[in-house]
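A.B. asks: Heads up, the numbering used here is the position in the sequence shown plus 33, with the first residue counted as 1.
No residue lacks a Cβ here, since even glycine has one placed at the ideal position from N, Cα and C.
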Amino acid sequence: MKKITLAIISLLVVGTALSGCARATKTVSGATIKNYDKITIVWYPNESAENLKDTREELGKIIEKATGKKVEQKTTTDYSIAIESIANGNAQIAFMGGQGYVEANKKNSKILPLVVNAGKSGTLDDAIYYSWLSVKKGNEADYQKAGAYSLDNIQGKKISYVSNSSTSGFKVPTTNIVNYFSKMDKWKSLIAEDLTEGGKDKLFKEVLFGQSHQGSAINLLTDKADVAAFCNTTLDTYCEVEIGKANTAGAVYKVKTAAAAPFDTLVGKEYVIIQSTPVLNGPFAVNTAALKQEDIDKITTALISDEVTNNSKIFYVKGISTGLIEKAGKEHFMKVADSWYDPIRELSK
């Protein structure tokens, strides 16, 4: 595979259609860090789901053991709450997507990546997941042109995104859509902002935001939306491939018989991918102005340890356990530089 750091921009843009506080004690770059006896982790709505409670608690125990400090878990129902919490220091650590990380870092340059999960190869070369545009099974023929899946017929439809701070649930799909339709005279002035509202003179009839990947998928499966953007990693917990190759256009996914809430009432429902685009894995981010370097070092050492790599509550094997990241090869946490997320920044230029 080509180096993701070199190739990810073109991959993202083009997409793939068929395929409590005491005295100050430390200064970091002029900023004082107050004493604290608690470390707060904030989670996006996706990872705030009940079925990931054990995983959140397990990570909390690991950080408590490493630092000797109590960990507070802060779950959310909105991406912006999580991003603002890490940016303003109400939380010191956050599990984020690339776009959310870039937004938090722009708000506060002291927000930096702590670790990211490596890909199946155990490196950053394939440290990716997938952004999907999907339609409900039975409607997929409407989105084909000359035998191949095409974006042409998504115009005039109802679309669901995750959040405008979601990488795979908004930033990537809207970039792909703008690049596709802006080549047409009718839509030559199209910009991403135009895709956030529906209407007679808009590309879409109606625009919905699910506020989580689960929520966006549910909008599709309950017929609130005709097309929906969401990612593979979150939906893998609830759905499985029924027909075709995973993460490729044309693959059919079905809600599992034993799917946890909120998909427990949608067992058997199916959707089809019409576009799949690789996206850089998001990081555990840290507010370096709210967490002392000694604790950052301890937490980093713990997260990249073999103990965590082999912890099935965090790195899960599909069909055997549930967790945060699927263990399909040599996945593990590793350090990553802020610059690794520059391709995500490029999407906003």
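Which residue wins for smallest C-alpha separation from A335, given the options G93, D70, K67 and A82?
C.D. replies: Of G93, D70, K67 and A82, the residue nearest in Cα terms is G93.
A.B. asks: Put L313 into one of helix, strand or coil per three-state DSSP.
C.D. replies: The answer is strand: DSSP assigns L313 an E or B state.
A.B. asks: Figure out for me which residue from H365, S142, Q247 and S167 has the closest Cα to the Cα of D259.
C.D. replies: When each option's Cα is compared against that of D259, the closest is S167.
A.B. asks: Measure the C-alpha to C-alpha separation of K363 and I251 and round it to an integer number of angstroms.
C.D. replies: C-alpha separation (whole angstroms): 32 Å.
A.B. asks: Tell me whether the segment 181-199 and the segment 238-256 touch, counting them as touching only if at least three CB pairs, one residue from each stretch, are closer than 8 Å.
C.D. replies: The segment 181-199 vs the segment 238-256: in contact.
A.B. asks: If you compare alpha carbons, which of S215, D185, I358 and S196 is closest to A151?
C.D. replies: It is I358.
A.B. asks: Could you give the first and the last residue of the continuous beta strand (DSSP E) run that contains F242?
C.D. replies: Segment E239 to F242, the beta strand (DSSP E) holding F242.
A.B. asks: From what residue to what residue does the beta strand (DSSP E) around L145 run?
C.D. replies: Unbroken beta strand (DSSP E) run through L145: I144 to N150.
A.B. asks: Determine the contact status of K325 and I66, defining contact as a CB-CB distance below 9 Å.
C.D. replies: Taking 9 Å as the Cβ cut-off, K325 and I66 qualify as a contacting pair.
A.B. asks: Give the DSSP bridge partners of T16, in chain order.
C.D. replies: Not covered by the structure: residue 16. The range shown for the chain is 34 to 382.
A.B. asks: Within 10 Å of its beta-carbon, does D234 have 16 or more other beta-carbons around it, so buried, or fewer, so exposed?
C.D. replies: Classification of D234: exposed, given that the 10 Å Cβ count is below 16.
A.B. asks: Do V285 and V205 come within 9 Å of each other at the CB atom, strictly closer than that value?
C.D. replies: Not closer than 9 Å, so no.
A.B. asks: Tell me, which residues are paired with A262 by DSSP?
C.D. replies: According to DSSP, A262 bridges with L166.
A.B. asks: Within 8 Å, do at least three Cβ pairs link the segment 337-344 to the segment 215-233?
C.D. replies: No, the segment 215-233 does not touch the segment 337-344.
A.B. asks: Is F296 helix, strand or coil by DSSP?
C.D. replies: Coil, per DSSP.
A.B. asks: Report, in whole angstroms, the separation of the C-beta atoms of G315 and T156, which I expect to be a contact under 8 Å.
C.D. replies: The pair is not a contact, with the Cβ atoms about 17 Å apart (cut-off 8 Å).
A.B. asks: Can you say whether S372 is buried or exposed, counting buried as having 16 or more other CB atoms within 10 angstroms of its CB?
C.D. replies: Per the 10 Å Cβ criterion, exposed.
A.B. asks: With which residues is A181 paired in a DSSP beta bridge?
C.D. replies: Answer is K178.
A.B. asks: Rounded to whole angstroms, how far is the Cβ of A318 from the Cβ of P146, which I believe are closer than 8 Å?
C.D. replies: Going by Cβ atoms, the distance from A318 to P146 rounds to 6 Å, so yes, they are a contact pair.
A.B. asks: Can you give the Cα-Cα distance for K388 and T109, rounded to whole angstroms?
C.D. replies: Outside the shown range of the chain, which is 34 to 382, sits residue 388, and nothing can be said about it.
A.B. asks: Could you tell me if T255 is buried or exposed, where buried requires 16 or more neighbouring beta carbons within 10 angstroms of its beta carbon?
C.D. replies: The residue is exposed, with fewer than 16 neighbouring Cβ atoms inside 10 Å.
A.B. asks: DSSP three-state label for K67, please.
C.D. replies: Here K67 sits in strand by DSSP.
A.B. asks: Going by the CB atoms, is the gap between S196 and D111 shorter than 9 Å?
C.D. replies: Cβ distance < 9 Å, so D111 and S196 count as in contact.
A.B. asks: Our contact map puts A137 next to I116 with C-beta atoms below 8 Å; I'd like the distance itself, whole angstroms only.
C.D. replies: Confirmed, Cβ separation roughly 5 Å.
A.B. asks: What are the boundary residues of the beta strand (DSSP E) that includes I192?
C.D. replies: First-last of the beta strand (DSSP E) with I192: K191 to Y194.
A.B. asks: What does K351 pair with, by DSSP beta-bridge criteria?
C.D. replies: None, per the DSSP bridge assignment.
A.B. asks: So for E386, helix, strand or coil by DSSP?
C.D. replies: This structure leaves residue 386 out entirely; the chain is present only between 34 and 382.
A.B. asks: Are there 16 or more other CB atoms within 10 angstroms of the CB of E83, so buried, or fewer, so exposed?
C.D. replies: Its Cβ having fewer than 16 others within 10 Å, E83 is exposed.
A.B. asks: Under DSSP, the beta strand (DSSP E) around F214 begins and ends at which residues?
C.D. replies: Per DSSP, F214 belongs to no beta strand (DSSP E); it is in the alpha helix (DSSP H), V205 to F214.
A.B. asks: Could you give the distance in angstroms between the alpha-carbon of A55 and the alpha-carbon of R89?
C.D. replies: For A55, the predicted model reports a pLDDT of 32, less than 50, meaning its position is unreliable; a value from the coordinates is still stated below. Distance between the alpha carbons of A55 and R89 is about 27 Å.
A.B. asks: Output the distance between the C-alpha atoms of V75 and A179, rounded to the nearest integer angstrom.
C.D. replies: Going from the Cα of V75 to the Cα of A179 covers about 46 Å.
A.B. asks: Give the secondary structure of A127 by DSSP, where H, G and I count as helix, E and B as strand, and everything else as coil.
C.D. replies: DSSP places A127 in strand when its eight states are reduced to three.
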